[in-house]
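Below is one structure, written out as structure tokens; comments come after it.
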């Protein structure tokens, strides 16, 4: 009997597998703090971008996503420092707390969609930042909280030491976190939920009349995004060993949007990973230039270029898709004939 | 007891009455035509039954249960599904995608089952795809399932809208001017399909301007004029009523 190998699906899977493998073994080649910390930060921002794009899928534009990173970060820092909880439970709780706050905010704010939702989330982001700044008794204000490093784990004779200055364990945990987030977001996009979300963005009135409860699905997307963005914030806080009110402000929310634009929103996971890595890495190196804060100006230019050459939400991830089809000679997307006429005479 | 019962439905937009004290009973299996000059409140009536607007006064009962005040998705879930006057479709989705997204109420499995791709979900999905294809074949849109829905011609977009309403398992189908902007052949194509739908035991409420269409399909006709119901009865009787003729042609002054 002949075994049939489907190269069309085998090849992309192999390449994705090899890429994941490469990311896993990077620390074998380099333990450079700069390289690894850029990759760790990119991964963390990518999770926040996935959350933003998921909300965007339901047709809503959240302008305060960084606030959920702040919530996760502060929750984890306050639980470990002020309440002396162990690291891992407090890390898990951080995501849950951020998710619950997203749920409550969502239930109130998502009644109004569109531009009102955007403005309220923008205000919410600022409220979180201001509260963090002025509730000095809990958050230590602008001085910030310095959480202790996570405890050393002994796993089957292997010592995983999260001591400061050693980014390798942080790197592997980031890979795990990004893998879980990617899996969840990818599966949501693929499942019926993805279609339901998309229908809300495509035509809200029609979706509602087909039996879809608008509020319910908007809130689900917002809450899932809140949980993962909270985890991202908590992990970032522990990786940098500090959280201050300025770390997750309006600029960071805007940066999340920019990353989604550059990466592209046609794929939740791919676009987020590419966009976050490209923009974060660029930002890190551009900030070395002798002009103060030049990276903000250049980010703007990059976003404009992407919008000019890759419009309608097709970011770099679609460019990759085009390259892929060219290399492996897959047919281009189906082109629509000019008009299909009904037999009328 | 009637399937659908409207008691004293009144709708004001500001001080303008769009509907005044409308009482209407719809029995199971009927094809009820709703006619009336422009601005007489026909579409408002459908918007109120489907939950898009809330009535200012009055109640609606469906199967003996009150449905006025519910959201559109709840009303669709109870079995009253509507189509729209203009071509309202999922922008950018193909015909098949539109149908699958529109199949929300056709699925029996929950969202979490779809997320984890359980066996039950896969079977359910297969059944839904089968049902979608069956419906598309019935209404002659099957050849174009991979075309963007907005690339279909006007008549087929209309039929797709009706097919999407049908996949939501309606007991009552509300059609808002299904033949606007069509020539005679296209309109007759839709008429044949509405007859097929009615034969499946689905109650149909249809708003229509085209009298040929109404006389062809309706088992009963209701005439609205200036927010009021002025006639209700068999198509031929209603069309010969003095008030109806006046509503359409104006009063005779000699």
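Protein chains in written order, with my numbering: chain X, 1057 to 1401; chain R, 2 to 255.
Beta carbons are placed, not taken as given, at the ideal position from N, Cα and C, and that holds for glycine.
In this text, all values refer to a predicted model and were calculated from it rather than measured experimentally.
Item                                                                                                                         : Value
Amino acids of chain R, ordered along the chain, whose beta-carbon sits closer than 7 Å to that of residue 1222/X            : Under the 7 Å cutoff, chain R gives no residues; its nearest Cβ is about 37 Å from residue 1222/X.
Cα-Cα separation between residue 14/R and residue 1261/X, rounded to whole angstroms                                         : 20 Å
CB contact below 8 Å: residue 1252/X versus chain R                                                                          : yes
The segment 143-157 of chain R / the segment 1246-1257 of chain X touching (three or more Cβ pairs under 8 Å)                : no
Chain-ordered residues of the segment 1257-1273 of chain X with a beta carbon less than 8 Å from chain R                     : 1258, 1259, 1261, 1262, 1263, 1264, 1265, 1266, 1267, 1268, 1269 and 1270
C-alpha gap between residue 203/R and residue 136/R, whole angstroms                                                         : 14 Å
Residue burial classification, residue 1119/X (beta-carbon count within 10 angstroms, cutoff 16)                             : buried
Where the beta strand (DSSP E) through residue 27/R begins and ends                                                          : 17-27
CB contact check: residue 1/R to chain X, cutoff 8 Å                                                                         : For residue 1/R there is no data in the structure shown, the boundaries of chain R being 2 and 255.
Amino acids of chain X, ordered along the chain, whose beta-carbon sits closer than 7 Å to that of residue 189/R             : Under the 7 Å cutoff, chain X gives no residues; its nearest Cβ is about 12 Å from residue 189/R.
Residue burial classification, residue 201/R (beta-carbon count within 10 angstroms, cutoff 16)                              : exposed
Rounded straight-line distance, which links the Cα of residue 122/R to that of residue 245/R                                 : 53 Å
Residue 3/R to residue 172/R span [Cα, whole Å]                                                                              : 13 Å
Segment contact flag, the segment 1100-1113 of chain X with the segment 1318-1328 of chain X, C-beta cutoff 8 Å, min 3 pairs : yes
Start-end ranges of the alpha helix (DSSP H) lying completely within the segment 1253-1326 of chain X, minimum 4 residues    : 1260-1265, 1270-1296 and 1306-1319
Rounded Cβ spacing between residue 228/R and residue 18/R (contact assumed at less than 8 Å)                                 : 5 Å
Residue environment, residue 111/R, which counts as buried when at least 16 other CB atoms sit within 10 Å                   : exposed
Short CB-CB distance (under 8 Å) between residue 83/R and chain X                                                            : yes
8 Å Cβ cutoff, residue 1397/X in contact with chain R                                                                        : Confidence at residue 1397/X is low in this model, with a pLDDT of 46, below 50, so its placement is unreliable and no value can be given for it.
Nearest neighbour of residue 1242/X, chosen from 1176/X, 1280/X and 1314/X [CA to CA]                                        : 1280/X
Chain R within 8 Å of residue 1247/X, Cβ atoms only                                                                          : yes
Chain R contacts from the segment 1306-1328 of chain X (Cβ-Cβ distance under 8 Å)                                            : none
For residue 177/R, the residue or residues it bridges with in DSSP                                                           : 208/R
Residue span of the beta strand (DSSP E) that contains residue 35/R, given as start and end                                  : 32-36
Proximity below 8 Å, CB of residue 1150/X to CB of residue 1128/X                                                            : yes
Contact residues within the segment 225-243 of chain R, judged by C-beta distance below 7 Å to chain X                       : none
Beta-carbon proximity check, residue 220/R vs residue 31/R, cutoff 8 Å                                                       : yes
Identity of the residue in 233/R, 225/R, 240/R and 242/R nearest residue 37/R by Cα                                          : 225/R
Beta-bridge pairing of residue 1171/X - partner residues as DSSP gives them                                                  : Beta-bridge pairing links residue 1171/X to no other residue.
Nearest-angstrom Cα separation, counted from residue 1073/X out to residue 1143/X                                            : 32 Å
Residue of 1094/X, 1132/X and 1070/X minimising C-alpha distance to residue 1342/X                                           : 1094/X
Under 7 Å from the C-beta of residue 77/R: neighbouring residues of chain X                                                  : 1265, 1266 and 1267
Same chain, Cβ closer than 7 Å to residue 1155/X, five either side skipped, listed in chain order                            : 1279, 1282, 1283 and 1286
Own chain residues within Cβ distance below 6 Å of residue 1352/X, not counting five before or after                         : none
beta-carbon residue 47/R near the ligand FMN non-hydrogen atom, thresh 7 Å                                                   : The ligand FMN is not among the ligands present in this structure, which contains no ligands whatsoever.
Proximal residues of chain X, C-beta to C-beta of residue 165/R below 9 Å                                                    : 1262 and 1266
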